[in-house]
Every structure is written in C-alpha cells, then in structure tokens.
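First up is the structure itself, then whatever we jot down about it.
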Ligand SMILES: Cc1cc2nc3c(=O)[nH]c(=O)nc-3n(C[C@H](O)[C@H](O)[C@H](O)COP(=O)(O)OP(=O)(O)OC[C@H]3O[C@@H](n4cnc5c(N)ncnc54)[C@H](O)[C@@H]3O)c2cc1C
Ligand code: SF4
C-alpha cells in the first residue's frame, strides 16, 4: 500500500464496485487517493478460454472456486459467482433487461414486499449510461419506457419469436443484451454458441473488455489477493477496513468505504464488524426458474442470433402480483432439438423466471471462520410457487398463436445465478439497512453496493439495475470537483 | 420445497432400486446403460455403434468421477425402463450432447446417412456451431 489512509476504499472489482468508481472518479479531483481491495487476481479472457479447452495455463487455480468460499447450509441450493478481478462479469450471460416501473412499487400497487426508495424515473438516466457503456443491443419498443435508442441494433428473432412478437407487440421483444450484435470496442458479434459464462468469441461485456479506464486511473491503487473481513466502526462511522493478504492482517483507514463483494460477503463483512441492523444478513434470495419445452406442429424454430433471443412480458406485471409472482419469459436459442424423425427443430424452449420476496427462512450469518459466511436457504416463498402454478394454467392460452403439440416442464433449476438481498434498501432502520444511495442508515460514510440492496426480487436479471444504482449513488452522494480529471 | 422435490426424486430412485434386480439391471454397466439410452432414443437413425460407445467413454471421462452411486443406479434404471428425453432432463442432456457431437447436423439432418461420432461437442474448440442459429438460417433478404 502506498498510503496509510485513503479518501475512498472500495471492496471488490465486479459491476457494483466498478460502476461506482467510474462515477466517483468523474466527480473527484486529481489529488484523490483511492484503494481497491480485491480478494482474487486477474485472469485474461484468452486464458479463461484455454482453461475451458482443458489446457493448463499459468492462471489455473489462482482464484478459488465459488463453492469453497462459504459454508452452504443447504447444499441442494446453489449460489454461483466468480471470485477474482472483474468478479462475476467473467461468468455472467449478459442479459440486460431493465426493471419495469412497477417493480419498484410492490407494496403500494400490490400490497406485497416493500416499495423501493428509488423510482424508475430517477434511475432512467443511469440505466441509459450503463446501457451505453455496455453497448447493449435491443429493440426500439420496450415494455419499460426509454428515451433513446439502444447502442446496438436488436438480435434476430427465430420464427417462433416472430409470431409471438406479432401477437404481443412490445410485451414480446428481442432481448436487451450486452452480448454484442455487431463488433464493438474489441468485442466480436455474438454467434449463439450458448456458453456465455466464458464466451469463446469475446462477445459479451466484461469488466476486462469494458474500456472504462477505472483501474488504469492514476488515483486508483489496486491491491489484489486482499480479502476484506471486517470494518472498524466507531461512533457511527467506518474508520478502518480490515483485510487478510498472504496470511497477514492489515487495517487501513478510509474517509469513505464502499463494499461491492456480493450479497453473501457484504453481509458477512457487516456482521463480522458488529453491525446490529435487524435486516443485515436477512432476506437472502433470488428468482426461481424452470424450463418449458414446447413441441410444435410443423413450425421450424430457427434463425436466432444469440443465446436468449427474446423476453416475454405476458405473465409479468398486473394485479395477479398481489397473490402470485410475476414471470419473465426467456426464449432460448441453445442448440436444443426434439428427438423425433423430421421434426428436429419443431420445438421452442422457454426459461420461465419467477420473482420472489425476502423471507425470514433465507439468510446469511457469520461462521467460525471470519472469511466464510454461513448461508441458510429454506426455499422459495409460496408467492413464487403460486407464480409457477399460474404460469402453467395460462401458458397454453398464451402460446395459442403457435401450433403447440405439447408442453414439457422441467423441475426448477437449483439457481438463477443471482444473489440478492441481505442489506436491503428502504427509508429507515425500521425497514432496511441502506438508503436509496446505498448508504448505511447508521454508518453514513459506508456504501453497501450491489444486489444486496434489492428490496424485492423482480424476475428481471439484476446486473443492469445494480450497476445503474452504483452510478446513481456515486453521482448523488459526492459533489463535483472542478479539477476532476 | 426441497423435501417435496427430494421425495419425488427419491421415489423414482426407490422404484428403480426395487425393480432393477428383477430386471437384471445390475448386470448392465453404467456405460452400457448410457449407450443403450442413446440407441433407444435415436432408434430411427443409423448410428455408428462404436462411435456411441466412444462418446460414452469420453463423456464420463469429461464428467470425472463426480457422478454419485445414486446417479449410476438412476442411469441403469432409466435404461431398463426405457426412459426417454421427454421424461428425464438427464436423458435429454446426454442424448442432445451425443447428437451435437456427431456429423448429423453437418449433414443437414439427413436421416438416411450413417451418423458418425466426431468428438465431444465443444464450443470452445468450434465456436459458433449452433446448427439452428442465424449463421445457418440467415434472414431472408428484404424484398
Ligand atoms: C453463470 C452466471 C450467469 C449470470 N448471468 C447474468 C445475466 O445474464 N444477467 C444479469 O443481470 N446477471 C447475471 N448474473 C449475475 C451477475 O453476475 C451478478 O449480478 C453481478 O456479477 C453482481 O455484481 P457485483 O459487482 O455485485 O458482484 P460480483 O460481480 O460477484 O463481484 C464481487 C467482487 O468482490 C470480490 N470479493 C468478494 N469478496 C471479497 C472480499 N471479502 N474482499 C475483497 N474482495 C472480495 C470478488 O472477487 C469480485 O471481484 C449471472 C451470474 C452467474 C454466476
Ligand atoms: S451466445 Fe455464444 S457468442 Fe454469444 S455471448 Fe454467449 S457464448 Fe458468446
């Protein structure tokens, strides 16, 4: 470390931290001292592809497998992520729909969960900024209001998508995605390989290929191999951040601290530090998803240009959300087929993704090892399960514009690969841990970034929104400096 | 939720455990059962049998020894009970991977040709090979 004290200390280098830093750097002076503590190490994209091909590389084993990083008290439930520089941008699939305006007002509109303290309209310019940075591909007409066109043209529909779009208009759209439609910024066009966790052609947005310039900025000092486990909390302020590196403990002072370590580790760090907010660690959650295979009579489902071609909103918003979860439909374009003579692609496959709400059975606590959170998961709520039942009742009618022969439902997946809640956002300590700027209600120089702040768990993928929230937090919390670089 | 799901799966496994001995399933190896499932699923195609066996060897080598004893029993049970991919996601996954690993899609799904195994389908060795994508079915030029 170059200094003993910093203006800002950021934990993690995933989306939440990087977008926060990006906005912060745009506002702060050239004299600023910023320390970034990242527990893992960088692994370049080409080396990740080599690993996937089964080749040994100098990087193999540098970053721990996610399974070894926490104590999973419900092994039948997965929580997936990537540890290391760039975080889970290295394994995400880059689906980037926005939330709907009503997602932020669940309590007022439907009497469930709670309202978010931030509204869609306020988030809109930050959504736009993230979409531009990620060069998101998407259609002109969407079920959520947008003021300008997406940076990239939409991906191509399959034949099935075309028919559904014809019937449902902007409730069935080309998926907004950070899998490139056309070459951009060193990224190649997506070609529907369908293994996006490590894209073989470097088509999806990652922190490494983002060109955001954050970690090259001379004000930023990046320390890798530094695992944060606690904060020194004195008189309602964070004074120091404690971390372990090469088996040694360090304590470094920061004026402002931002945690971007994901919802499991953010909670662990807060709880290790003695945060007594009643909601810290509580309400861990995510969406629930299952696959519906649809066999079609004499309709070939070909021609899509990416992995998830389309999103359907026909089962998403409405008064039913008082009783049963919203469902977002993803039209898959993986190389699936129907094993019947002459009917190979007379089939569609939809991932049905259901929202959920925070429940007391799902939570994070500390364990005997300060570095490892213990993760408890009792299961999805009845609200989510009722969403599945409702979907099964309504899907045949919804797909009636297609020549459906039969629908086969799989069991729910063990994960949707999203980790939400544990430091939820609200108006006071009575209902939450952080405010709409992701600042801790009690420790006002502490930001808790990322999807740990989500108040409810809409079915839309979380990363676009959590990145926009990071921009909003940094933009509205710090004054602009004239000497900013 | 977990309990219910577990009971459902355990129910199938338990059924398999009861019926398997009477069906002589324990005389069938995991590899034979897996190959049998593939041959059964694609009974209407002319599969090169040695290729199917090689695929099964490669598949389990890639999967490693992570497959539990329960999974072994399950595969044998599926084989004996003629379970197909409409009934089991595991069968769908394996049979899909098998056919993607052959020359079937290069031959434009010509069901008259012998289907030959070519090595496990691997988008990292051959990216952009999704046989149903816009690369192979480009949009019709605007009129
Ligand atoms: C397979 C997969 C597919 C996904 N697909 C999508 C998708 O299509 N769309 C979507 O919206 N979302 C998707 N997600 C979810 C998405 O990846 C996450 O929402 C997103 O990465 C969260 O960003 P984050 O910055 O909060 O956390 P992360 O990206 O997980 O970053 C956390 C960072 O903190 C570091 N860190 C952790 N603990 C510590 C510590 N104690 N000290 C120091 N550093 C630490 C980590 O190394 C990492 O750099 C997917 C996830 C997975 C696993
Ligand atoms: S679908 Fe294929 S090409 Fe597109 S981002 Fe995913 S892996 Fe890359």
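Chains as they are written, first to last, in this note's numbering: chain B, 6 to 490; chain A, 43 to 185. Note that CB positions come from ideal geometry on N, CA and C, so glycine has one too.
Open item on the list: In whole angstroms, give me the CA-to-CA distance for residue 355 of chain B and residue 299 of chain B.
Closed with: The residue you call residue 355 of chain B lines up with position 350 of the first chain. The residue you call residue 299 of chain B lines up with position 294 of the first chain. Distance from the CA atom of residue 355 of chain B to the CA atom of residue 299 of chain B, rounded to whole angstroms, is 8 Å.
Task: Within chain A, partners of residue 349 of chain B - CB distance below 7 Å - done: For this step, residue 349 of chain B is matched to residue 344 along the first chain. Chain A residues near residue 349 of chain B: 151.
- [ ] Identify the contact partners of residue 197 of chain B in chain A, using a Cβ-Cβ distance below 9 Å as the criterion.
- [x] For the purposes of this step, residue 197 of chain B is taken as residue 192 along the first chain, with counting starting at 1. What residue 197 of chain B touches in chain A: 170, 172, 174, 175, 176 and 177.
TODO: Compute every distance between the C-beta of residue 364 of chain B and the non-hydrogen atoms of ligand 1, then say whether any falls below 7 Å.
DONE: Along the first chain, read from residue 1 onward, the residue named residue 364 of chain B stands at position 359. Incorrect: residue 364 of chain B has no Cβ contact closer than 7 Å to ligand 1.
Open item on the list: Between residue 198 of chain B and ligand 2, is there a pair consisting of the residue's CB and a ligand heavy atom that are separated by less than 7 Å?
Closed with: As a working note, residue 198 of chain B is residue 193 in the first chain. True, at least one ligand heavy atom lies under 7 Å from that Cβ.
Open item on the list: Quick check on residue 105 of chain B: does DSSP put it in helix, strand or coil?
Closed with: On the first chain, residue 105 of chain B is found 100 positions in, with the first residue counted as 1. Three-state result, residue 105 of chain B: coil.
Open item on the list: Assuming contact is defined by CB atoms lying nearer than 8 Å, are residue 275 of chain B and residue 361 of chain B in contact in what I supplied?
Closed with: Looking up residue 275 of chain B in the first chain gives position 270. Looking up residue 361 of chain B in the first chain gives position 356. Between residue 275 of chain B and residue 361 of chain B, the CB-CB gap reaches or exceeds 8 Å.
Task: Cutoff 8 Å: residue 183 of chain A Cβ touching any chain B Cβ - done: Sequence index remark: in the second chain, residue 183 of chain A carries index 141 (1-based). No, its Cβ sits nowhere closer than 8 Å to a Cβ of chain B.
TODO: To the nearest angstrom, report how far apart residue 481 of chain B and residue 400 of chain B are at their CA atoms.
DONE: Taking the first chain and counting its residues from 1, one reaches residue 481 of chain B at position 476. Taking the first chain and counting its residues from 1, one reaches residue 400 of chain B at position 395. C-alpha of residue 481 of chain B to C-alpha of residue 400 of chain B: approximately 43 Å in a straight line.
TODO: Would you mind telling me which residues of chain B sit closer than 7 Å to residue 96 of chain A, beta carbon to beta carbon, in chain order?
DONE: In the second chain, counting from the first residue as 1, residue 96 of chain A sits at position 54. The contacting residues do not exist; residue 96 of chain A stays about 17 Å from chain B at best.
Task: Neighbouring residues, chain A, relative to residue 413 of chain B (Cβ below 8 Å) - done: Your numbering for residue 413 of chain B matches position 408 in the first chain. The CB of residue 413 of chain B comes closer than 8 Å to the CB of 128 in chain A, given here in chain order.
Task: Short CB-CB distance (under 8 Å) between residue 92 of chain A and chain B - done: Taking the second chain and counting its residues from 1, one reaches residue 92 of chain A at position 50. For residue 92 of chain A, the answer is no, since every Cβ of chain B falls outside 8 Å of its Cβ.
Open item on the list: Give me the subset of the segment 384 to 408 of chain B whose CB atoms are less than 8 Å from a CB atom of chain A, sorted by chain position.
Closed with: For the segment 384 to 408 of chain B, which is checked against every Cβ of chain A, the residues closer than 8 Å are 384, 385 and 390.
Task: residue 11 of chain B versus residue 138 of chain B - alpha carbon distance - done: Counting from 1 along the first chain, the entry for residue 11 of chain B is found at position 6. Counting from 1 along the first chain, the entry for residue 138 of chain B is found at position 133. Straight across, the Cα-Cα distance linking residue 11 of chain B with residue 138 of chain B is about 28 Å.
TODO: Tell me whether residue 121 of chain A sits in a helix, a strand or coil according to DSSP, three-state version.
DONE: Position 79 of the second chain, counted from the start, is the residue given in the question as residue 121 of chain A. In the structure shown, residue 121 of chain A sits in a helix (DSSP, three-state: H, G or I).
Task: Simplified DSSP state of residue 135 of chain A, which is helix, strand or coil - done: The count along the second chain starts at 1 and reaches residue 135 of chain A at position 93. Helix.
Task: Same chain, Cβ closer than 8 Å to residue 117 of chain A, five either side skipped, listed in chain order - done: Walking along the second chain from the start, residue 117 of chain A turns up at place 75. Only 72, 75, 76, 79 and 132 meet the Cβ criterion.
Open item on the list: Using a Cβ-Cβ cutoff of 7 Å, what residues of the segment 72 to 92 of chain A are near chain C? List them in chain order.
Closed with: Protein chains B and A are contained in the structure displayed, whereas chain C is not.
TODO: Using a Cβ cut-off of 8 Å (strictly closer), state whether residue 363 of chain B contacts chain A.
DONE: On the first chain, position 358 is the one that residue 363 of chain B refers to. No, its Cβ sits nowhere closer than 8 Å to a Cβ of chain A.
Open item on the list: Restricting to Cα atoms, I'd like to know which of B/86, B/456 and B/370 is closest to residue 72 of chain B.
Closed with: For the purposes of this step, residue 72 of chain B is identified with residue 67 of the first chain, where counting begins at 1. Minimum Cα distance to residue 72 of chain B is reached at B/86.
Task: Residue burial classification, residue 472 of chain B (beta-carbon count within 10 angstroms, cutoff 16) - done: Counted from its first residue, the first chain places residue 472 of chain B at position 467. Residue 472 of chain B should be labelled buried.
Open item on the list: For a test of your reading of the model: does the CB of residue 357 of chain B fall under 7 Å from any non-hydrogen atom of ligand 1? Yes or no.
Closed with: Translated into positions along the first chain, residue 357 of chain B becomes position 352. No.
TODO: Please confirm whether residue 29 of chain B and residue 469 of chain B have their CB atoms less than 8 Å apart.
DONE: Here residue 29 of chain B corresponds to residue number 24 of the first chain, with the count starting at 1. Here residue 469 of chain B corresponds to residue number 464 of the first chain, with the count starting at 1. With respect to the 8 Å criterion, residue 29 of chain B and residue 469 of chain B are not classified as neighbours on the basis of their beta carbons.
Task: residue 47 of chain A - DSSP class collapsed to helix/strand/coil - done: Here residue 47 of chain A refers to the residue found at position 5 when the second chain is read from its first residue. Low confidence applies here, because residue 47 of chain A scores a pLDDT of 40, under 50, leaving its location unreliable; read the following figure in that light. The answer is helix: DSSP assigns residue 47 of chain A an H, G or I state.
Task: Top-ranked residue by Cα proximity to residue 123 of chain A, from A/83, A/164 and A/161 - done: For the purposes of this step, residue 123 of chain A is taken as residue 81 along the second chain, with counting starting at 1. Selected option, being the one with the closest Cα: A/83.
TODO: Could you name the residues that DSSP lists as bridge partners for residue 336 of chain B?
DONE: Here residue 336 of chain B is taken as the residue at index 331 of the first chain, counted from 1. Looking at the DSSP assignment, residue 336 of chain B forms a beta bridge with B/315 and B/355.
Open item on the list: Looking at ligand 1, does it come within less than 7 Å of residue 85 of chain B, judged from the CB to the closest heavy atom?
Closed with: The residue given as residue 85 of chain B occupies position 80 in the first chain. Set against 7 Å, the gap from the CB of residue 85 of chain B to the closest heavy atom of ligand 1 is smaller.
Open item on the list: To the nearest angstrom, how far is the alpha carbon of residue 245 of chain B from that of residue 256 of chain B?
Closed with: On the first chain, position 240 is the one that residue 245 of chain B refers to. On the first chain, position 251 is the one that residue 256 of chain B refers to. Looking at the two C-alpha atoms, the distance is approximately 6 Å.
Task: Assigned secondary structure, residue 19 of chain B (DSSP; H/G/I helix, E/B strand, else coil) - done: The residue given as residue 19 of chain B occupies position 14 in the first chain. If DSSP states are grouped into helix, strand and coil, residue 19 of chain B belongs with coil.
TODO: Assign residue 187 of chain B to buried or exposed, taking buried as 16 or more other Cβ atoms, counted over all protein chains shown, within 10 Å of its Cβ.
DONE: Here the question's residue 187 of chain B lines up with position 182 in the first chain. Residue 187 of chain B is exposed by the Cβ-count criterion.
Open item on the list: Can you determine whether any heavy atom of ligand 1 sits closer than 7 Å to the C-beta of residue 138 of chain B, and answer yes or no?
Closed with: Residue mapping note: residue 138 of chain B aligns to position 133 of the first chain, counting from 1. It does not: the Cβ of residue 138 of chain B is nowhere closer than 7 Å to a heavy atom of ligand 1.
TODO: Determine the burial state of residue 435 of chain B: buried for a count of at least 16 other Cβ atoms within 10 Å of its Cβ, exposed for fewer.
DONE: Locating residue 435 of chain B in the first chain gives position 430, counting from the first residue. It is exposed - the Cβ of residue 435 of chain B has fewer than 16 other Cβ atoms within 10 Å.
Open item on the list: Which same chain residues end up closer than 6 Å to residue 497 of chain B when comparing Cβ atoms and leaving out the 5 residues on each side of it in sequence?
Closed with: Nothing about residue 497 of chain B can be reported from this structure: the residues present for chain B run from 6 to 490 only.
Open item on the list: Taking 8 Å as the cut-off, does the segment 91 to 108 of chain B touch the segment 202 to 219 of chain B (at least 3 CB pairs, one atom from each stretch)?
Closed with: Yes, since at least three Cβ pairs between the segment 202 to 219 of chain B and the segment 91 to 108 of chain B fall closer than 8 Å, the two stretches touch.
Task: C-beta atoms of residue 455 of chain B and residue 265 of chain B nearer than 8 Å - done: Translated into the one-based positions of the first chain, residue 455 of chain B becomes position 450. Translated into the one-based positions of the first chain, residue 265 of chain B becomes position 260. Going by C-beta atoms, residue 455 of chain B is nearer than 8 Å to residue 265 of chain B.
Task: Beta-carbon gap between residue 397 of chain B and residue 418 of chain B smaller than 8 Å - done: Against the first chain, residue 397 of chain B aligns to sequence position 392. Against the first chain, residue 418 of chain B aligns to sequence position 413. No, these two residues do not count as a Cβ contact at 8 Å.
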